[in-house]
Amino acid sequence: MKALPTNAKIIDNLTMSVHSLPPLPADADLRRLVHFSAGDGRIWLAGHRMVLLHLSGLGSLRKELIRMIGVAQARRVLMRAGYESGMRDAALARQVRPNASPFELLAVGPQLHMLQGAVQVTPEQLDLDIEAGIYHGIFRWDQSWEVETHLRDFGPQAEPVCWMLLGYASGYTSALWGLPILYKEVECAACGHEHCRIEGRIASEWPDAEQMKADYEEDSLLVRIEDLQADLDSLRVSLSPSDDLGELIGRSKAFEKSIDLLRKAASTQVTVLLTGETGVGKERFARTLHAMSPRADKPFIAVNCAALPHELIESELFGAEKGAFTGAGAARPGRFERADGGTLFLDELGELPHSAQAKLLRVLQTGEVERLGATAVRKVDVRVVAATNVDLEAAVEAGRFRRDLMYRLNVYPIAIPSLRERVEDIEPLANHMLRHFMVLHNKRVTGITDRALDAMRHYSWPGNVRELENLIERGLIITSPGQMVDVDALFAVAPPPPPVTLSATGELRQGAPADLDSLYEELQKRGLSLEALENGLLQQAVERAGGNLSAAARALGLTRPQLSYRLQRMKER
Ligand SMILES: [Zn+2]
Numbered sequence: 022m023k024a025l026p027t028n029a030k031i032i033d034n035l036t037m038s039v040h041s042l043p044p045l046p047a048d049a050d051l052r053r054l055v056h057f058s059a060g061d062g063r064i065w066l067a068g069h070r071m072v073l074l075h076l077s078g079l080g081s082l083r084k085e086l087i088r089m090i091g092v093a094q095a096r097r098v099l100m101r102a103g104y105e106s107g108m109r110d111a112a113l114a115r116q117v118r119p120n121a122s123p124f125e126l127l128a129v130g131p132q133l134h135m136l137q138g139a140v141q142v143t144p145e146q147l148d149l150d151i152e153a154g155i156y157h158g159i160f161r162w163d164q165s166w167e168v169e170t171h172l173r174d175f176g177p178q179a180e181p182v183c184w185m186l187l188g189y190a191s192g193y194t195s196a197l198w199g200l201p202i203l204y205k206e207v208e209c210a211a212c213g214h215e216h217c218r219i220e221g222r223i224a225s226e227w228p229d230a231e232q233m234k235a236d237y238e239e240d241s242l243l244v245r246i247e248d249l250q251a252d253l254d255s256l257r258v259s260l261s262p263s264d265d266l267g268e269l270i271g272r273s274k275a276f277e278k279s280i281d282l283l284r285k286a287a288s289t290q291v292t293v294l295l296t297g298e299t300g301v302g303k304e305r306f307a308r309t310l311h312a313m314s315p316r317a318d319k320p321f322i323a324v325n326c327a328a329l330p331h332e333l334i335e336s337e338l339f340g341a342e343k344g345a346f347t348g349a350g351a352a353r354p355g356r357f358e359r360a361d362g363g364t365l366f367l368d369e370l371g372e373l374p375h376s377a378q379a380k381l382l383r384v385l386q387t388g389e390v391e392r393l394g395a396t397a398v399r400k401v402d403v404r405v406v407a408a409t410n411v412d413l414e415a416a417v418e419a420g421r422f423r424r425d426l427m428y429r430l431n432v433y434p435i436a437i438p439s440l441r442e443r444v445e446d447i448e449p450l451a452n453h454m455l456r457h458f459m460v461l462h463n464k465r466v467t468g469i470t471d472r473a474l475d476a477m478r479h480y481s482w483p484g485n486v487r488e489l490e491n492l493i494e495r496g497l498i499i500t501s502p503g504q505m506v507d508v509d510a511l512f513a514v515a516p517p518p519p520p521v522t523l524s525a526t527g528e529l530r531q532g533a534p535a536d537l538d539s540l541y542e543e544l545q546k547r548g549l550s551l552e553a554l555e556n557g558l559l560q561q562a563v564e565r566a567g568g569n570l571s572a573a574a575r576a577l578g579l580t581r582p583q584l585s586y587r588l589q590r591m592k593e594r
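With the sequence shown counted from 1, adding 21 to any position gets you the working numbering.
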């Protein structure tokens, strides 16, 4: 497949040099990203799950962290946590404001930070030319949650304390522009300054860059191990052939049970019958069985019985001597002979025609194959693994499959669970596939959003692991480099939005029609009539719009004349 462009060229026209900055753009687009899904205990910011915390709770966590591991370590831990959040929000910025100016794009971070209740941000200075490698920004901070809680717990400070906020700014800006950009808190309200103030530059422009970067490094040994692990992963993925993708990944009970059966069979010669829905990975199981068996260094030969024409299947399986049938120009070994010493995988066994069933039975009983047109038999040492997604028992009842052959094959059945039966395996599988396809398509995204994972867990997966593989590949191709794969990149039709959102004035807004039930119940409870409800809504809309009838009409989804008519009717009643 053709390699897709990498993220090298996504940045263009990102040039500005402004000393008197424009005001921050309206944040309605960001507020719309917040969804309260109270019914199932979740809050979303676009695809990311958020949590509303009490500042006092967060403050006590911060305080205990400082007491337990000391100021220096706590500072670094919180900076890294902030950095992680900042990176996540940067992934949203390009989604939400794809065609915005550099300033408006950058503003998503400060504005989300404000929406999240972390701090009030006022940009003071910005020199920005990403292509030329120029970034210099100064921002004023007020209302820092860290100042508030730190002053309460520890009193005035000699050093700045807005650690998590600072990490956020560095993580956000670095991820947004794809450059290492680090911030310093040059003034902090916890140190007696009037405001907090931060300054950000490209890392190499700070004289003490190495020391600053170290703040974002975890214990160096752990980081090194993680890096090595990542290298190893990408190496392993790039070296493995594509049909080996996904290996056998999963820790669900249902899956573990099948793997356990597979392990026990591996060292024996027993004929294995794999059953399960289409796409569950039967060939992968067969290959793994072969790889774990003493036959691992001998051939693994796979035959799909449904893919071969009936008239060819016998010569394919058992071979043919020269001139055995029209078209048999030279003597040819069949798949049984080619698998000698190894494993023969017969997929979709239920499709095998009757005459071939009889011959297969004989080979299994005697360990000898007879090529078409041959006068002598050949000894073969082959372990047969068969697979079917049809009910062989039913095929026997219907006369399509030989009972004696079924008994011969059905010695050691392993049922492979559908993806629906192993929901907890979806996340590790999806992440593994994503890494594989990133190498294959030479394209990097930053992962899969919580919301997309959630949608995948609720999907029915008729095509099982194979379908998951297709979706992940498609999701990677649709997602822009450096962003996270979200729901709409995976599924053509996005799931309905959560019913409750944040209104322009900050109230939770009930969305129709998902909440008509509760609205109806509320009406019943309050004994409101439909007319009273309509009148109340009309009055509310006019009041909230400050008497501006056009705005009130828009809020209600009416035209202005329609609203006037209804108001008139209300007065006349
Ligand atoms: Zn501060």
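All residues carry an ideal CB built from backbone N, CA and C; glycine is no exception.
Note that the coordinates shown come from a computational prediction; the quantities given were computed from them, not determined experimentally.
Counting C-beta neighbours from all protein chains within 10 Å, is the total for residue i 16 or more, i.e. buried, or is it exposed?
i: L584; result: buried
i: A415; result: exposed
i: K464; result: buried
i: A574; result: buried
i: F175; result: exposed
i: R581; result: exposed
i: G344; result: exposed
i: E335; result: buried
i: Q560; result: exposed
i: Y428; result: exposed
i: Q558; result: The sequence shown places Leu at residue 558, not Gln. It is exposed - the Cβ of L558 has fewer than 16 other Cβ atoms within 10 Å.
i: P519; result: The predicted position of P519 is uncertain, since its pLDDT is 46 and thus under 50; a value taken from the coordinates is nonetheless stated next. The residue is buried, with at least 16 neighbouring Cβ atoms inside 10 Å.
i: Y586; result: exposed
i: H453; result: buried
i: Y541; result: exposed
i: P438; result: buried
i: H171; result: buried
i: D412; result: exposed
By the DSSP assignment, the beta strand (DSSP E) with residue i in it spans what residues?
i: A111; result: Taken as a continuous stretch (DSSP letters only), A111 belongs to no beta strand (DSSP E), being part of the alpha helix (DSSP H) at L76 to V117.
i: I435; result: Y433 to A436
i: L294; result: V293 to T296
i: E238; result: Premise fails: E238 is in no beta strand (DSSP E) and is neither H nor E.
i: K380; result: That residue, K380, is in no beta strand (DSSP E); its alpha helix (DSSP H) goes H375 to T387.
i: A407; result: R404 to T409
i: T364; result: T364 to D368
Look at residue i and residue j and say whether their C-beta atoms are less than 8 angstroms apart.
i: Q116; j: Q504; result: yes
i: F321; j: T364; result: yes
i: H216; j: R173; result: no
i: A408; j: D368; result: yes
i: R392; j: F339; result: yes
i: L269; j: A287; result: no
i: E304; j: F357; result: no
i: P131; j: L200; result: no
i: G221; j: T194; result: yes
i: G300; j: G188; result: no
i: I223; j: K205; result: no
i: V508; j: A476; result: yes
i: A190; j: A112; result: no
For residue i, which of helix, strand or coil comes out of DSSP?
i: N485; result: helix
i: P330; result: coil
i: E543; result: helix
i: I447; result: helix
i: F596; result: Within the shown structure, residues of the chain are numbered from 22 to 594, placing residue 596 beyond reach of any answer.
i: N595; result: For the chain, the structure presents residues 22 to 594; residue 595 sits outside this window and is missing.
i: E220; result: strand
i: P354; result: strand
i: I493; result: helix
i: G468; result: strand
i: H661; result: With the chain running from 22 to 594 in the structure shown, residue 661 is simply not present.
i: L480; result: Residue identity differs from the one stated: residue 480 is Tyr in this sequence, not Leu. Y480 falls in the coil class under three-state DSSP.
i: G548; result: coil
i: N325; result: strand
i: I202; result: strand
i: K343; result: coil
i: E677; result: Shown here, the chain extends from 22 to 594; a query on residue 677 therefore has no answer.
i: K319; result: coil
How would you write the range of the alpha helix (DSSP H) that residue i sits in, first residue to last?
i: W227; result: Segment: none, W227 is in no alpha helix (DSSP H) and carries neither H nor E.
i: S279; result: K274 to A287
i: F306; result: K303 to M313
i: R575; result: L570 to L577
i: L134; result: The identity of residue 134 in the sequence shown is His, whereas the question assumes Leu. Unbroken alpha helix (DSSP H) run through H134: P123 to L136.
Counting only runs of 4+ residues fully inside the segment 141 to 177, write out the alpha helix (DSSP H) ranges in chain order.
Segments of the alpha helix (DSSP H) lying fully in the segment 141 to 177: 166 to 175.
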